[in-house]
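Enquirer: If you count by my numbering, then the sequence shown holds residues -11 to 171, one letter each, in order. From the three backbone atoms N, C-alpha and C, an ideal C-beta is built for every residue, glycine too. Only a predicted model underlies this, so the values are computations on that prediction, with no experimental measurement involved. One structure coming up, written as structure tokens, with questions to follow.
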Amino acid sequence: MAPVKEQPLEKERQLYSKVDEETMCGEMVTINAGVSLSALEKAAEEFFASVVEKRIFPEMLPLAHELAAAGASVWAVSSTNDWVVRAGVRRFGIPADHVLGASVHIQDGLATDRLVRVPSGPGKAAAIREVLRRDVDVCFGNSVHDVAMLEIAGHAFAVNPNPDLEKMAQQKGWKVYWPTGTK
């Protein structure tokens, strides 16, 4: 019997599994060095509208709007690049300046390869502390990369969590919420 060759995708998976989330997300934002901010924002809007928007949990939109209407300061914290996050938060009534995403410095209207921040893992809690400089009442997260952020909140919610966060949420007594159409 001839040896089985590894599928190309499996080799890529093994390579990428050795790269931590913060490094990967940092590289995904710095790769845009030299691209105009307007082009990045346009591409982010197109991507969000065509790929992400249809995956928004129906109950999350009214919740975000109700929180804002009640006077809550609602923020979006993500290791996704801030162009995509800002494109998405408009639908939730979250101001663009309330986004803490993976970001680079902009110089003369162009993205650079100099990182501002990559909020992932402990970096999410650090970004919140650095920018908000106050206690956080509620946080929502869906993966283990959100644990540090959830730990600084008065109330933590694991929303449609992946299995490792679901297990941690149960151990820590955090509320686990399954939106309509999940689980």
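For the region 85 to 97 against the region 53 to 65, are there 3 or more C-beta pairs whose distance is under 8 Å?
Expert: The region 85 to 97, when compared against the region 53 to 65, does touch it at the 8 Å Cβ threshold.
Enquirer: Measuring only the C-alpha atoms, how far is T18 from V39?
Expert: Numbered from 1 along the sequence shown, position 30 holds the residue referred to as residue 18. Numbered from 1 along the sequence shown, position 51 holds the residue referred to as residue 39. Approximately 22 Å, taken between the alpha carbons.
Enquirer: Counting C-beta neighbours from all protein chains within 10 Å, is the total for L49 16 or more, i.e. buried, or is it exposed?
Expert: What you label residue 49 is simply residue 61 of the sequence shown in a count that begins at 1. It is exposed - the Cβ of L49 has fewer than 16 other Cβ atoms within 10 Å.
Enquirer: If you run the structure through DSSP and keep just helix, strand and coil, what is V147?
Expert: The residue given as residue 147 occupies position 159 in the sequence shown. In this structure, V147 counts as strand in the three-state DSSP scheme.
Enquirer: Quick one: using the 10 Å Cβ neighbour count with 16 as the cut-off for buried, is H133 buried or exposed?
Expert: Counting from one through the sequence shown, the residue named residue 133 turns up at place 145. Buried: at least 16 other Cβ atoms inside 10 Å.
Enquirer: Is there contact between the region 5 to 15 and the region 107 to 127, where contact requires at least three CB pairs shorter than 8 Å?
Expert: As far as the Cβ criterion goes, the region 5 to 15 touches the region 107 to 127, which means the pair count is three or higher.
Enquirer: Thinking L138 and A144 are a contact (beta carbons under 8 Å), I'd like their distance in whole angstroms, please.
Expert: Translated into the one-based positions of the sequence shown, residue 138 becomes position 150. Translated into the one-based positions of the sequence shown, residue 144 becomes position 156. Confirmed, about 4 Å.
Enquirer: How far does the alpha helix (DSSP H) with I116 in it reach, from first residue to last?
Expert: Working through the sequence shown from its first residue, we reach residue 116 at position 128. Taken as a continuous stretch (DSSP letters only), the alpha helix (DSSP H) holding I116 covers 110 to 120.
Enquirer: Would you decide whether A146 is buried or exposed? Buried here means 16 or more other CB atoms lie within 10 Å of its CB.
Expert: Mapped onto the sequence shown, residue 146 falls at position 158. Looking at its Cβ environment, which holds 16 or more other Cβ atoms inside 10 Å, A146 is buried.
Enquirer: Anyone know if the C-beta pair for L115 and R122 falls short of 7 Å?
Expert: By 1-based counting over the sequence shown, the position of residue 115 is 127. By 1-based counting over the sequence shown, the position of residue 122 is 134. The question names Leu, yet the displayed sequence has Ala at residue 115. It is not a contact, given that the beta carbons lie outside the stated cut-off.
Enquirer: Please list, in chain order, all residues of the same chain as I94 whose beta carbon is under 8 Å from its beta carbon, the five residues on each side excluded.
Expert: Within the sequence shown, numbered from 1, the residue matching residue 94 stands at position 106. Closer than 8 Å at Cβ, skipping near neighbours: L25, T100.
Enquirer: Taking the C-alpha atoms as reference points, what is the distance between I82 and Q159?
Expert: Taking the first residue of the sequence shown as 1, we reach residue 82 at position 94. Taking the first residue of the sequence shown as 1, we reach residue 159 at position 171. Each residue's alpha carbon lies about 31 Å from the other.
Enquirer: Which residues in the same chain as A157 place their Cβ atom closer than 7 Å to its Cβ, once the five residues preceding and following it in sequence are excluded?
Expert: Against the sequence shown, residue 157 aligns to sequence position 169. So the qualifying residues of the chain are A146, P149, V164.
Enquirer: Per DSSP, what kind of secondary structure is S61 in: helix, strand or coil?
Expert: By one-based count along the sequence shown, residue 61 stands at place 73. S61 falls in the coil class under three-state DSSP.
Enquirer: G129: buried (16+ other C-beta within 10 angstroms of its C-beta) or exposed?
Expert: Working through the sequence shown from its first residue, we reach residue 129 at position 141. Its Cβ being crowded by 16 or more others within 10 Å, G129 is buried.
Enquirer: Is T18 helix, strand or coil by DSSP?
Expert: As a working note, residue 18 is residue 30 in the sequence shown. Correct three-state label for T18: helix.
Enquirer: Nearest to F80 by alpha carbon, out of L98, A113, E41?
Expert: Numbered from its first residue, the sequence shown carries residue 80 at position 92. Ranking L98, A113, E41 by Cα distance to F80 puts E41 first.
Enquirer: Please tell me whether F36 and A75 are closer than 7 Å, where the distance is taken between their beta carbons.
Expert: In the sequence shown, residue 36 corresponds to position 48, counting from 1. In the sequence shown, residue 75 corresponds to position 87, counting from 1. In contact: F36 and A75 (Cβ atoms closer than 7 Å).
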